[in-house]
C-alpha cells in the first residue's frame, strides 16, 4: 500500500478567469462513482415468430432509452457556488448557473458544447449507458442482455440514492431489471487550508504572477479518491497553457483526438518541480 500526507494527481490547471482577473483552477474534489450492471431477461424463442414474444433486447433498448431521457433535478453544493463565482463569465450567466429553475435551459442553449457538458455534470447526477453484452444468433430471440451504466453522484448521495434515481428513471420497467453494483465510491473533497495549497499558489505565481487559485470539482474520478480515504489531502493539479479553452479541453477526454500541447507539458512539469522543492523546503 502507498500512503502519503499530500498527493498531487491529474486534472487541474485550466485558466478560467479573465485577462483582467486571471484565475487558475485546481481540483480539490470529485464526484462519486456508482457503476451499475443492469440485467434484463426475456424468453428465448424462434426469430421467425416475433409476435407477442418477450424479447430481452427490445426491453433493454427501452431501459437504455429511459436512462438517456432521465433528467434529475440540479443540486448545488458549496464548492459549486465558489467555483461559479471564479468563472470569467458575465454576472447574468453566473446567476443562471446558480438558479435551479434556469440552469438546465441555460446549458441547453450554451454554444460551447464541451463547457455545457462539464457544467451540467458538476450539478447533476448523471447516467450513461456505455456497454452492452449478449449472446445469440440472428434467428434466436434473446433471453438475456446486460447493460453497464456509468453513474456519477454528487456530494451526499449514497447507494440508496442511486437506486432511487434508477427507480424513477425506469418507472414501470424497474421491476424488469436486476441491478448489481460494479463500483461504489462516494464523492470526496479535500480542504484548501493546507501547506500544499499554499505551495501550489506560489508555484503558479512564478509563471502567472497575477493569477489566483480557484478550488474546483472534477466530474470524473481519479486516484485522489483512494488517497483521501486513507487520510491524505489530494488535489488534481497541473498548469496548462492559457490558450486552451476549458470547454474544448473537456471534450478531448476519451475522444477521437485526446491530446495535450507541449507548452502545457512544460508548465505542468515546472509546477510539479516547484511544488516538490517548496514542500521539501529547498
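Numbering (our numbering), first residue to last: -2 to 279.
Every residue, glycine too, gets a C-beta built ideally from N, C-alpha and C.
For clarity, every value in this text was computed on a predicted model and none was experimentally measured.
Bridge partners of residue 178 according to DSSP: 33. In the structure shown, residue 261 adopts helical secondary structure according to DSSP, grouped into three states.
The beta carbons of residue 275 and residue 200 sit about 7 angstroms from each other, so the pair counts as a contact at 8 angstroms.
In this structure, DSSP gives residue 131 a state outside helix and strand, which the three-state scheme calls coil. DSSP places residue 276 in the helix class (H, G or I) of the three-state scheme.
By the neighbour-count definition (other C-beta atoms within 10 Å, threshold 16), residue 150 is a buried residue. Nearest C-alpha to residue 25 among 221, 87, 86: 221.
Within the same chain, Cβ atoms closer than 7 angstroms to the Cβ of residue 147 are found at 32, 125, 127, the five residues on either side in sequence being excluded. Here residue 202 carries a helix assignment [DSSP, helix/strand/coil]. Between residue 56 and residue 39 a beta carbon distance of about 6 angstroms is seen, short of the 8 angstroms cut, so the two are scored as contacting. Counting the other Cβ atoms within 10 Å of the Cβ of residue 179 gives fewer than 16, which makes it exposed. Put simply, the region 222 to 237 touches the region -1 to 12. At least three CB pairs are less than 8 angstroms apart. Under the three-state reduction of DSSP output, residue 155 falls in the coil class, being neither helix nor strand. Residue state for residue 240 is assigned as coil, using DSSP reduced to three classes.
Excluding sequence positions up to five before and after residue 193, its CB lies within less than 8 angstroms of the CB of 3, 5, 230, 232, 272, 276, all in the same chain and listed in chain order. The beta carbons of residue 166 and residue 63 sit about 6 angstroms from each other, so the pair counts as a contact at 8 angstroms. By the C-beta criterion, the region 75 to 89 is judged not to be in contact with the region 99 to 115, since fewer than 3 inter-stretch pairs fall below 8 angstroms. Here residue 50 has 42, 138 as same chain residues with Cβ atoms under 6 angstroms from its own Cβ, once five neighbours each way along the sequence are excluded. The Cβ neighbour count for residue 48, taken over all protein chains shown within 10 Å, is under 16; the residue is labelled exposed.
Rounded to whole angstroms, the gap between the alpha carbons of residue 136 and residue 46 is 10 angstroms. Its Cα nearest to that of residue 215, the residue 77 stands out among 59, 77, 245. Contact between residue 174 and residue 60 holds: CB atoms are separated by about 6 angstroms, below the 8 angstroms threshold. Rounded to whole angstroms, the gap between the alpha carbons of residue 35 and residue 15 is 45 angstroms.
By the C-beta density criterion, residue 253 is exposed, having fewer than 16 other C-beta atoms within 10 angstroms.
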